[in-house]
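Colleague: For the sequence shown, this note's numbering gives the first residue as 3, with consecutive numbering after it. First, the structure itself, so that you have it in front of you.
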Amino acid sequence: MKTGEHRDGLTADSVREYSFLEIIRRLMSYFMPYRLMVVLALVTSLVSSALFVIQPYLIKIVLDSYIIPGDLEGLWTFILVITGVYFVGIVAEYFMNLITGVLGQKVMHDLRMDIYRHIMSMEMSFFDRNRVGRLMTRTTDDVASLNELYTSGAVSFINNAGVLAGIVVVMFTLDVKLSCAVLTVTPLIYITARTFAEKIRIIYRDIRKSTARLNAFLQENIQGIRLIKQMMRSVWSLAKFTGYSEDLNRNKIQNVFYYGVFFPLMEFIGVVAVVIILVYGGGRIHEGTLKLGVMVAFLRLTDMFFWPVREMAENFNIMMSAMASSERIFTLLDNEPSVTSPQSPVTTIDNTEIVFEHVWFAYEGEDWVLRDVSFKVQSGQRIAIVGPTGAGKTSIVNLLLRFYDIDRGRIIVGGRDIREMSLETLRGLFGHVGQDPFLFNRTVYENITLDGNEADHGFINDIMKRIGAGQFVQSLENGLDTPVMERGSRLSLGQKQLVSFARAMAANRKILILDEATAHIDTLTESMIQKAIPLLMENRTSIVIAHRLSTIRNVDTILVMARGRIRESGTHEELMKLNGIYATLSRMHLKA
Ligand SMILES: Nc1ncnc2c1ncn2[C@@H]1O[C@H](COP(=O)(O)OP(=O)(O)OP(=O)(O)O)[C@@H](O)[C@H]1O
Ligand SMILES: [Mg+2]
3 MKTGEHRDGL
13 TADSVREYSF
23 LEIIRRLMSY
33 FMPYRLMVVL
43 ALVTSLVSSA
53 LFVIQPYLIK
63 IVLDSYIIPG
73 DLEGLWTFIL
83 VITGVYFVGI
93 VAEYFMNLIT
103 GVLGQKVMHD
113 LRMDIYRHIM
123 SMEMSFFDRN
133 RVGRLMTRTT
143 DDVASLNELY
153 TSGAVSFINN
163 AGVLAGIVVV
173 MFTLDVKLSC
183 AVLTVTPLIY
193 ITARTFAEKI
203 RIIYRDIRKS
213 TARLNAFLQE
223 NIQGIRLIKQ
233 MMRSVWSLAK
243 FTGYSEDLNR
253 NKIQNVFYYG
263 VFFPLMEFIG
273 VVAVVIILVY
283 GGGRIHEGTL
293 KLGVMVAFLR
303 LTDMFFWPVR
313 EMAENFNIMM
323 SAMASSERIF
333 TLLDNEPSVT
343 SPQSPVTTID
353 NTEIVFEHVW
363 FAYEGEDWVL
373 RDVSFKVQSG
383 QRIAIVGPTG
393 AGKTSIVNLL
403 LRFYDIDRGR
413 IIVGGRDIRE
423 MSLETLRGLF
433 GHVGQDPFLF
443 NRTVYENITL
453 DGNEADHGFI
463 NDIMKRIGAG
473 QFVQSLENGL
483 DTPVMERGSR
493 LSLGQKQLVS
503 FARAMAANRK
513 ILILDEATAH
523 IDTLTESMIQ
533 KAIPLLMENR
543 TSIVIAHRLS
553 TIRNVDTILV
563 MARGRIRESG
573 THEELMKLNG
583 IYATLSRMHL
593 KA
């Protein structure tokens with residue numbers, strides 16, 4: 003059983019730890035479909051860095067074989083050769099950049115698709131636990147940071163490692179003793195780079211954390227802007243935001259500080275290397291055991307040696323952040339959805355009878371929201387569920403649609419446990435008007451059909467008229483094709499509810515669920531909808547949840563819920579006669 007699991011389940015804050023190799027292996031798997039491109043990228047990269055590395059060697063030849071001996075004719079021929087070599091190098095670099103760039107974008111696209119698909123497949127409790135802003139950070143920022151890992155990190159790392167190896171090879175080909183002398187600085191480089199890397203790694207984790215927190219806060223506060231303004235909490239919100247932003251700043255500034263120390267230190271080590279060449283090499287030139295061209299080549303090689311080292315250290319930053327991002331992305335992807343379709347699902351059911359058998363359910367741990375709930379709705383029957391706020395009415399709907407899975411008992415639809423059907427089959431049975439109507443930033447028409455059915459405008463207009471929304475549609479400048487803006491912000495709450503009502507009607511499903519469907523609608527429209535509802539319910543199994551008892555008189559059975567239990571059930575007359583909760587509520591309504 004999942005009891006207690008919700009609390010321990012994944013949230014955006016908890017990130018599983020993956021080993022370095024595991025992360026690399028996972029990332030590589032994304033490159034597998036593009037093997038050919040990877041090979042091409044490696045080859046071009048090898049060519050371009052090899053041609054880069056032999057530059058100082060060419061300088062040595064120019065100096066020692068042509069300029070110093072005074073062979074001007076040979077010099078011109080050689081310069082032509084050099085130009086050719088450089089040209090090939092440039093072309094190789096161009097192709098390398100092109101191929102790696104395209105490759106990176108392809109992989110990032112695949113990864114984003116995987117993340118999106120995965121998020122969409124997660125159960126509702128996942129969204130209760132994870133803040134929207136954080137999930138957004140994963141799909142955008144974390145993927146972007148992975149892209150950098152790839153472009154600035156991996157690609158340049160391979161490149162630079164190649165260049166470094168090449169430089170060492172060229173050095174040793176030129177002069178073994180001088181090479182050994184220069185390379186005595188490598189331990190210094192190693193210690194500096196390592197210390198730096200360690201500091202940066204820690205800071206980078208913090209930076210990502212504070213960024214995610216800042217994003218989540220921003221997202222939530224923009225969404226809740228009305229409330230903040232109306233409650234005059236701008237100052238409070240500003241103070242919070244200042245705190246988060248300062249946190250981020252502090253980490254970033256520390257980052258700047260370490261870089262500020264690191265680069266001059268590297269520069270200094272570079273100077274030490276140059277001094278070694280000048281003192282030791284100079285002495286040997288004097289002795290006649292070293293040619294001037296070799297020493298010049300060494301000076302240039304040393305300079306070149308520090309570029310990749312600097313770049314690798316700089317990119318270390320990016321690599322670390324990308325490692326953290328990969329961990330977050332893979333934690334998300336590895337978090338299997340807990341509400342899923344079975345292996346071999348039932349695809350057809352004979353009827354739409356709904357049975358709850360001793361159902362227990364808690365959103366978290368053992369805070370039971372439904373306790374031993376049992377009821378039955380026969381095919382074509384209409385039931386109403388009433389009860390005080392927080393009684394668990396909406397939760398019943400959430401369970402029926404498998405937004406959450408129950409803890410104990412069974413829910414049976416059409417003779418089959420709902421866990422035996424695929425989620426599509428199950429959810430495809432229901433037309434649902436929720437308590438909190440949601441609209442996408444699209445047109446009214448698109449919000450009704452949600453691209454799912456081919457209903458033409460005439461049909462939808464007809465539905466709108468039947469539910470008393472004809473006037474509303476006419477008042478829109480483009481009728482059904484008017485955009486409703488972000489979350490339907492240009493519609494009133496009642497109008498939004500009319501749209502979601504029309505959505506349920508247009509979908510024409512076998513079972514109808516109305517959760518406070520008329521709560522925000524004015525009395526006149528409501529009375530029109532009240533006339534439309536019976537049409538809608540005709541030949542359908544229906545569940546109506548309502549606060550206004552007047553709206554549910556004509557149902558077959560009324561279930562009265564309180565604190566997660568079904569306390570009374572029967573027709574209006576029966577319940578009035580029983581003289582219990584329902585009768586009391588009903589009398590209160592009449593008085594009001
Ligand atoms: N996503 C959730 N996570 C945790 N607890 C929840 C969640 N949704 C609802 N609850 C809790 O479950 C209980 C029942 O909620 P439910 O939405 O089913 O009530 P309701 O009967 O529909 O109330 P209302 O008439 O106000 O719509 C409440 O105590 C509520 O706090
Ligand atoms: Mg509710």
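All residues carry an ideal CB built from backbone N, CA and C; glycine is no exception.
Go through its chain and collect everything with a Cβ distance to G496's Cβ below 8 Å, but skip five positions before and after it.
Modeller: So the list reads H522, I523, D524, T527, once near-sequence residues are dropped.
Colleague: When DSSP labels each residue in this structure, what does I469 get in the three-state scheme?
Modeller: DSSP places I469 in coil when its eight states are reduced to three.
Colleague: Among all residues, which have a Cβ less than 5 Å from at least one non-hydrogen atom of ligand 1, and in what chain order do they fall?
Modeller: Taken from the N-terminal end onward, the list reads D130, Y365, V371, T391, G392, A393, G394, K395, T396, S397.
Colleague: If you compare alpha carbons, which of M306, Q256, K254, I255 is closest to A632?
Modeller: For the chain, the structure presents residues 3 to 594; residue 632 sits outside this window and is missing.
Colleague: Count Cβ pairs between the stretch 142-155 and the stretch 317-331 that sit closer than 8 Å; are there 3 or more?
Modeller: Yes: the two stretches touch, three or more of their Cβ pairs being nearer than 8 Å.
Colleague: Alpha carbon to alpha carbon, what distance is there between R114 and R373?
Modeller: Looking at the two C-alpha atoms, the distance is approximately 41 Å.
Colleague: When DSSP labels each residue in this structure, what does G72 get in the three-state scheme?
Modeller: Coil at G72, not helix or strand.
Colleague: Quick test of your reading: V172 and Y59, contact by CB under 8 Å. State the CB separation rounded to the nearest angstrom.
Modeller: Yes, they are in contact, since the Cβ atoms of V172 and Y59 sit about 5 Å apart, within 8 Å.
Colleague: If we require 3 or more residues per run, which beta strand (DSSP E) segments fall completely within the stretch 519-594?
Modeller: You should have 543-547, 559-564, 567-572.
Colleague: Going by the CB atoms, is the gap between L561 and S571 shorter than 7 Å?
Modeller: Yes, the pair counts as a contact, with Cβ atoms nearer than the cut-off.
Colleague: State yes or no: is the C-beta of Y406 within less than 7 Å of the C-beta of S50?
Modeller: Their beta carbons are not under 7 Å apart, which means Y406 does not touch S50 by this criterion.
Colleague: Where does A457 fall in DSSP's three states?
Modeller: The answer is coil: DSSP assigns A457 none of H, G, I, E or B.
Colleague: Looking only at its own chain, which residues have a Cβ that is under 6 Å from the Cβ of R468, when we skip the five neighbours before and after it?
Modeller: Correct list, in chain order: A534.
Colleague: Let me know the secondary structure DSSP gives I204 once reduced to three states.
Modeller: DSSP places I204 in helix when its eight states are reduced to three.
Colleague: DSSP three-state call for F474: helix, strand or coil?
Modeller: Correct three-state label for F474: helix.
Colleague: Does the contact criterion of 3 or more C-beta pairs under 8 Å hold for the stretch 168-186 versus the stretch 220-227?
Modeller: Segments in contact, no.
Colleague: Tell me whether Q437 counts as near ligand 2, meaning its Cβ is closer than 6 Å to at least one heavy atom of that ligand.
Modeller: Yes, ligand 2 has a heavy atom inside 6 Å of this Cβ.
Colleague: Using 8 Å as the threshold, is the stretch 331-346 in touch with the stretch 202-222, meaning 3 or more CB pairs across them?
Modeller: Contact fails: fewer than three Cβ-Cβ distances are below 8 Å.
Colleague: Say whether the stretch 356-368 touches the stretch 387-402, bearing in mind that this needs 3 or more beta-carbon pairs closer than 8 Å, one atom from each stretch.
Modeller: Because the criterion of three Cβ pairs below 8 Å is met, the stretch 356-368 and the stretch 387-402 touch.
Colleague: What residue does the alpha helix (DSSP H) around S323 start on, and which one ends it?
Modeller: 294-336 is the extent of the alpha helix (DSSP H) around S323.
Colleague: Can you tell me the Cβ-Cβ gap for G168 and A52, rounded? I've got them flagged as a contact below 8 Å.
Modeller: Yes, they are in contact, since the Cβ atoms of G168 and A52 sit about 6 Å apart, within 8 Å.
Colleague: Nearest-angstrom Cα distance between T427 and V348?
Modeller: Their backbone Cα atoms lie some 8 Å apart in a straight line.
Colleague: Any idea what DSSP makes of S123, helix, strand or coil?
Modeller: S123 falls in the helix class under three-state DSSP.
Colleague: DSSP three-state label for L12, please.
Modeller: With a pLDDT of 43 at L12, under the threshold of 50, the predicted position of this residue should be treated as unreliable, though the coordinate-derived value follows. L12: coil per DSSP, three-state reduction.
Colleague: What does the alpha-carbon distance come out to for the pair F332 and L403?
Modeller: In a straight line, the C-alpha of F332 is about 29 Å away from that of L403.
Colleague: Spell out a yes or no on whether the stretch 412-423 and the stretch 494-508 are touching, meaning 3 or more CB-CB pairs, one atom from each, closer than 8 Å.
Modeller: Short answer: they don't touch.
Colleague: Are three or more beta carbon pairs between the stretch 385-392 and the stretch 542-552 nearer than 8 Å?
Modeller: Counting Cβ pairs under 8 Å, three or more are found: they touch.
Colleague: Between I356 and T559, how many whole angstroms is the CB-CB distance? I'm expecting something under 8 Å.
Modeller: Actually they are not in contact, since the Cβ atoms of I356 and T559 sit about 12 Å apart, beyond 8 Å.
Colleague: Could you check whether the stretch 290-302 touches the stretch 59-69, counting it as contact only if at least three pairs of C-beta atoms, one from each stretch, sit closer than 8 Å?
Modeller: Yes: the two stretches touch, three or more of their Cβ pairs being nearer than 8 Å.
Colleague: Compute the distance between the beta-carbons of I568 and V375, then report whether it is under 7 Å.
Modeller: Yes.
Colleague: Would you list the residues sitting across from T102 in a DSSP beta bridge?
Modeller: BP columns for T102 are empty, so no partner.
Colleague: To the nearest angstrom, how far is it from the Cα of A393 to the Cα of D517?
Modeller: Cα to Cα, the separation comes out at about 13 Å.
Colleague: So, under 8 Å CB-CB, G417 and D464 are touching, yes? Tell me the CB distance rounded to an integer number of Å.
Modeller: Not a contact, Cβ separation roughly 35 Å.
Colleague: Roughly how many angstroms lie between the CA atoms of V157 and T102, to the nearest whole one?
Modeller: C-alpha separation (whole angstroms): 8 Å.
Colleague: For a quick check, are the C-beta atoms of N132 and I205 less than 7 Å apart?
Modeller: No; because the gap between Cβ atoms is not below 7 Å, this pair is not in contact.
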